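Everything on this sheet refers to the single structure shown next.
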Amino acid sequence: MGRNEEKARVALDAMKKLGFGRKQAIPVLKRLFRLFQQQWEPIEAESYRALADAILDDQLQANADADADANGNGGAGSVDGDEAPGQGQGQGQEPPEMSTSQPQTSGSRTDFRPSAPPPTTAIGAATLQMQMPPGAAPAQSSTPTPTLLSKQMMDADFLKDPKPEPPQPLDMDVQPGLILRSRNRNRHRASSSQFHDTNPQLISGDENRANQHHSRNTDMSVEPTSTTLINGTRSQVQEAPPLEIDVASSPGGEVKLSLKCSAHPSKLNMPDLEAVYKMVEDKYVRSGKLLPPDFTIRRLMAEICQGVVQLGTQHTDTVEHITQSDTVGNGSTSKHFESGPASSTLAQKQHLPLSRTTHDVDDISKGEENVKIPIANESGRGKCPPSFSYMPGNEIFQKAMVNISLARIGDEDCCVDCFGDCLSAPVPCACARDTGGEYAYTPDGLVKPEFIDKCISMNRFPEEHHKVFCRTCPLGRSRGKASPEPCRGHLVRKFIKECWSKCGCGMRCGNRVVQRGIGHNLQVFPTGNGRGWGLRTQDALPKGAFVCEYAGEILTCAEVDERAVENMKNARYTHTVVLDAGWCSGGALKDEEALCLDGTFYGNVGRFINHRCRDANLAMVPVQVETPDRHYYHAALFTSRKVEALEELTWDYGIDFEWEWEWESGLVKVFECLCGSKYCRGSRQLRHGSGSGSGNGNGKKRSRRGVPQQN
Ligand SMILES: C[S@@+](CC[C@H](N)C(=O)[O-])C[C@H]1O[C@@H](n2cnc3c(N)ncnc32)[C@H](O)[C@@H]1O
Numbered sequence: 096m097g098r099n100e101e102k103a104r105v106a107l108d109a110m111k112k113l114g115f116g117r118k119q120a121i122p123v124l125k126r127l128f129r130l131f132q133q134q135w136e137p138i139e140a141e142s143y144r145a146l147a148d149a150i151l152d153d154q155l156q157a158n159a160d161a162d163a164d165a166n167g168n169g170g171a172g173s174v175d176g177d178e179a180p181g182q183g184q185g186q187g188q189e190p191p192e193m194s195t196s197q198p199q200t201s202g203s204r205t206d207f208r209p210s211a212p213p214p215t216t217a218i219g220a221a222t223l224q225m226q227m228p229p230g231a232a233p234a235q236s237s238t239p240t241p242t243l244l245s246k247q248m249m250d251a252d253f254l255k256d257p258k259p260e261p262p263q264p265l266d267m268d269v270q271p272g273l274i275l276r277s278r279n280r281n282r283h284r285a286s287s288s289q290f291h292d293t294n295p296q297l298i299s300g301d302e303n304r305a306n307q308h309h310s311r312n313t314d315m316s317v318e319p320t321s322t323t324l325i326n327g328t329r330s331q332v333q334e335a336p337p338l339e340i341d342v343a344s345s346p347g348g349e350v351k352l353s354l355k356c357s358a359h360p361s362k363l364n365m366p367d368l369e370a371v372y373k374m375v376e377d378k379y380v381r382s383g384k385l386l387p388p389d390f391t392i393r394r395l396m397a398e399i400c401q402g403v404v405q406l407g408t409q410h411t412d413t414v415e416h417i418t419q420s421d422t423v424g425n426g427s428t429s430k431h432f433e434s435g436p437a438s439s440t441l442a443q444k445q446h447l448p449l450s451r452t453t454h455d456v457d458d459i460s461k462g463e464e465n466v467k468i469p470i471a472n473e474s475g476r477g478k479c480p481p482s483f484s485y486m487p488g489n490e491i492f493q494k495a496m497v498n499i500s501l502a503r504i505g506d507e508d509c510c511v512d513c514f515g516d517c518l519s520a521p522v523p524c525a526c527a528r529d530t531g532g533e534y535a536y537t538p539d540g541l542v543k544p545e546f547i548d549k550c551i552s553m554n555r556f557p558e559e560h561h562k563v564f565c566r567t568c569p570l571g572r573s574r575g576k577a578s579p580e581p582c583r584g585h586l587v588r589k590f591i592k593e594c595w596s597k598c599g600c601g602m603r604c605g606n607r608v609v610q611r612g613i614g615h616n617l618q619v620f621p622t623g624n625g626r627g628w629g630l631r632t633q634d635a636l637p638k639g640a641f642v643c644e645y646a647g648e649i650l651t652c653a654e655v656d657e658r659a660v661e662n663m664k665n666a667r668y669t670h671t672v673v674l675d676a677g678w679c680s681g682g683a684l685k686d687e688e689a690l691c692l693d694g695t696f697y698g699n700v701g702r703f704i705n706h707r708c709r710d711a712n713l714a715m716v717p718v719q720v721e722t723p724d725r726h727y728y729h730a731a732l733f734t735s736r737k738v739e740a741l742e743e744l745t746w747d748y749g750i751d752f753e754w755e756w757e758w759e760s761g762l763v764k765v766f767e768c769l770c771g772s773k774y775c776r777g778s779r780q781l782r783h784g785s786g787s788g789s790g791n792g793n794g795k796k797r798s799r800r801g802v803p804q805q806n
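In structure tokens form, the structure reads like this:
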């Protein structure tokens, strides 16, 4: 018996003890196994809690289905082959291609409101279509449909099972994939998830329906991805069953979304969509408490339609509004392209036009932070920083893989038994293990001086600290060349691990600093010396004080590379931080695990912190909050010394200027450093006096590839 079979047997035995039979447990176990990427650890955690919960969920759902059946929403008769009223051609007889491309005459088919009486055919009367290729199995479901805009989602095998089970249509048993923020979470969600009523144009009635029928395959300029449809995260769709989402528009201006799910024809009756929505809302949305209580799937659909209309009706010839900017600090140009995204990750990807984000000069965070962060207007000319969307925490752009499931945090990695404030307990809890059995924070919420000093030393003298070298470095790999450059090494940085949701302590626990958010009065101000805007503190700060995170979109290195060239072309300030503090420690990284943060389009106030060589007054510390996976963490900035009121806050980006000069291309250049520090390594004088291009002193030519640093 192989390892997996043995593990499966033990899991099934455990479920048996809880009263769940094999028949009930096996499909759920398979699903979880796929979901957890064939890792047993999260399944086995807490005596198979995730597995037991999932089986219970299924049981509840089966009961709900049985109730629905009893109420006449698709009956057992259909499953047995009886044709339900209105089934017409029958699901097994009509090829899916026909059904997607041929007009339907039912009025309700083209109604964007799925409130019509529930259809009983598999190819239903609502816009949300469930299609079943005859004899559908995952592999067969990849048959392309004639629609122009379809995206095939991934599939997975379980234990090399020769006959994979037909996927269950709405069994999106996956992690929410969001980066949770405990602080202000509800407030933030409420403000960023304002759903609007469906655009009346989309549901304007019978006169529009006629136009829709013959325009099923009309081309559109927006490629849908399920990652943007649901929370904008890839981690959600990766483990979902095979899924296609089509978007089509008609010359009449209607836009239709079609969700195609594969299921075995003999097993599926089109369910009541209201029941489907409720099931998904209950299971994923409300139970996760990630969205406001009035969230509904229908609103989400309306939001999607509205997004399609909003982005799809703008014209590409207005993509960029060129304005004069007084903030460009690298001396290269004063032209600035105001093309920051308004609300959707699609926007950047497709380079669609975006409305200008207007800043609130009294609070650039627009209420997203605990404190107001004003924009100082020293010139009195009412100038504001270029537009971007304020986002207090990190969010996944598209391909990054961040798994924050609670099941991943084992009991040994949290403090279930703690209560109140861990710092006042006589013995440090498990959360202090990473910091040598002592908390990194003092009871005043400061990082201990010894800890911060080590972080500073690592930044200042990287060569004196331990580095690891990847066999194939994701940074080299991301350039997409056949033979990646050798790894330049990654510092093994000191992490702080904060207590989190699985811990027994409370939000006031002293080992929760970064997750509580910004606590000091900050101000964005024009530096006036060619470095654009900067950030300063309004009050004096002691050494070790948490200032803010560097927050932005979480991108893979490859995605950053794609953006870098374009940003440079557009003379944008770029704001990219490589999250490599834990690289190579856990084996080779996959592309989707080699992550960066980019605050260029979406970010928090950290994006205003300028670089200063060596004697900067902030230090970046990797802080682990929601996940023990060290390829994702929070880039937290703490004061490295006492800082005076109104002093600019700076951080040494760690750029190896000499190396950058040597290898900079016509496409990507490093900025000329204007930090004014006596230790400056990137000034114009140094550059021209340093004999740039002469190599690194050891006669070895170094590659331009490496750290896509800030710029
Ligand atoms: C994270 S942003 C800092 C905020 C930026 N000044 C702004 O106005 O948006 C990084 C960019 O600011 C500029 N910058 C930061 N530090 C600098 C320095 N010491 N000298 C010159 N430019 C600097 C560079 O263009 C860099 O790419």
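Residues 96 to 806 in my numbering are what the sequence shown lists, from first letter to last.
All residues carry an ideal CB built from backbone N, CA and C; glycine is no exception.
None of these values were measured; they are calculated from a predicted model.
Mark residue i as exposed unless 16 or more other C-beta atoms lie within 10 angstroms of its C-beta, in which case mark it buried.
{"i": "Glu753", "result": "buried"}
{"i": "Val511", "result": "exposed"}
{"i": "Asp108", "result": "exposed"}
When DSSP labels each residue in this structure, what does residue i get in the three-state scheme?
{"i": "Ser526", "result": "Note that residue 526 corresponds to Cys in the displayed sequence, not to Ser. The answer is helix: DSSP assigns Cys526 an H, G or I state."}
{"i": "Ile340", "result": "strand"}
{"i": "Glu139", "result": "helix"}
{"i": "Ile613", "result": "coil"}
{"i": "Glu334", "result": "Here Glu334 scores only 40 on pLDDT, less than 50, and its place in the model should not be relied on; the value that follows carries that caveat. Three-state DSSP puts Glu334 in coil, outside helix and strand."}
{"i": "Ser552", "result": "helix"}
{"i": "Val371", "result": "helix"}
{"i": "Val608", "result": "coil"}
{"i": "Leu146", "result": "helix"}
With which residues is residue i paired in a DSSP beta bridge?
{"i": "Met715", "result": "Leu732"}
{"i": "Val542", "result": "Tyr536"}
{"i": "Glu648", "result": "Glu490 and Asp693"}
{"i": "Phe620", "result": "Gly629"}
{"i": "Lys592", "result": "Gln719"}
{"i": "Cys643", "result": "Leu732"}
{"i": "Asn705", "result": "Thr745"}
{"i": "Leu113", "result": "DSSP, once it has assigned bridges, lists no residue as partnering Leu113."}
{"i": "Gly698", "result": "Tyr485 and Gly647"}
{"i": "His585", "result": "Val563"}
{"i": "Val672", "result": "Leu692"}
{"i": "Ile470", "result": "Val619"}
Is any beta-carbon of chain C found at less than 8 Å from that of residue i?
{"i": "Asp751", "result": "No chain C appears in this structure, which consists of one protein chain only."}
Using only the alpha-carbon positions, how far apart do residue i and residue j sit?
{"i": "Asn612", "j": "Asn699", "result": "Before going further, note that residue 612 is Gly rather than Asn in the sequence given. Whole-angstrom Cα-Cα distance: 11 Å."}
{"i": "Glu559", "j": "Leu113", "result": "55 Å"}
{"i": "Ser353", "j": "Met396", "result": "11 Å"}
{"i": "Leu744", "j": "Gly629", "result": "8 Å"}
{"i": "Cys604", "j": "His783", "result": "52 Å"}
{"i": "Lys543", "j": "Tyr536", "result": "6 Å"}
{"i": "Lys111", "j": "Ala103", "result": "12 Å"}
{"i": "Gln610", "j": "Gly488", "result": "10 Å"}
{"i": "Val587", "j": "Val563", "result": "7 Å"}
{"i": "Glu141", "j": "Cys513", "result": "17 Å"}
{"i": "Gly625", "j": "Arg607", "result": "37 Å"}
{"i": "Gly694", "j": "Ile491", "result": "12 Å"}
{"i": "Ser566", "j": "Glu687", "result": "Looking at the sequence provided, one finds Arg at residue 566 rather than Ser. Roughly 17 Å separates the two Cα atoms."}
{"i": "Pro842", "j": "His585", "result": "The structure shown does not extend to residue 842, since the chain spans only 96 to 806, so no value can be given for it."}
{"i": "Ala495", "j": "Glu657", "result": "14 Å"}
{"i": "Gly627", "j": "Cys568", "result": "33 Å"}
{"i": "Gln119", "j": "Val371", "result": "21 Å"}
{"i": "Lys589", "j": "Trp746", "result": "17 Å"}
{"i": "Ile649", "j": "Val456", "result": "27 Å"}
{"i": "Tyr143", "j": "Gly777", "result": "54 Å"}
Problem - Cβ contact check for the region 512-519 and the region 738-745: 3 or more pairs under 8 Å - result: Counting Cβ pairs under 8 Å, fewer than three are found: no touch.
Problem - Stretch pair the region 549-562 + the region 498-513: three plus CB contacts closer than 8 Å - result: No, the region 549-562 is not in contact with the region 498-513.
Exercise for the section: Could you tell me whether the region 594-612 touches the region 699-711, using the rule of 3 or more Cβ pairs below 8 Å? Expected result: Too few Cβ pairs lie closer than 8 Å, so no.
Practice task
Count the C-beta pairs between the region 116-132 and the region 473-490 that are closer than 8 Å, then say yes if the count reaches three, no if not.
Solution key: Contact fails: fewer than three Cβ-Cβ distances are below 8 Å.
Exercise for the section: Determine contact between the region 770-780 and the region 708-717, defined as no fewer than three beta-carbon pairs at a distance below 8 Å. Expected result: Yes, since at least three Cβ pairs between the region 770-780 and the region 708-717 fall closer than 8 Å, the two stretches touch.
Exercise for the section: Specify whether the region 714-721 and the region 659-667 touch according to this definition: at least 3 beta carbon pairs, one from each stretch, less than 8 Å apart. Expected result: With a cut-off of 8 Å, the region 659-667 and the region 714-721 do not count as touching, because too few Cβ pairs lie within range.
Problem - Touch test, the region 631-645 against the region 674-685, Cβ-Cβ under 8 Å, three pairs minimum - result: No, the region 631-645 is not in contact with the region 674-685.
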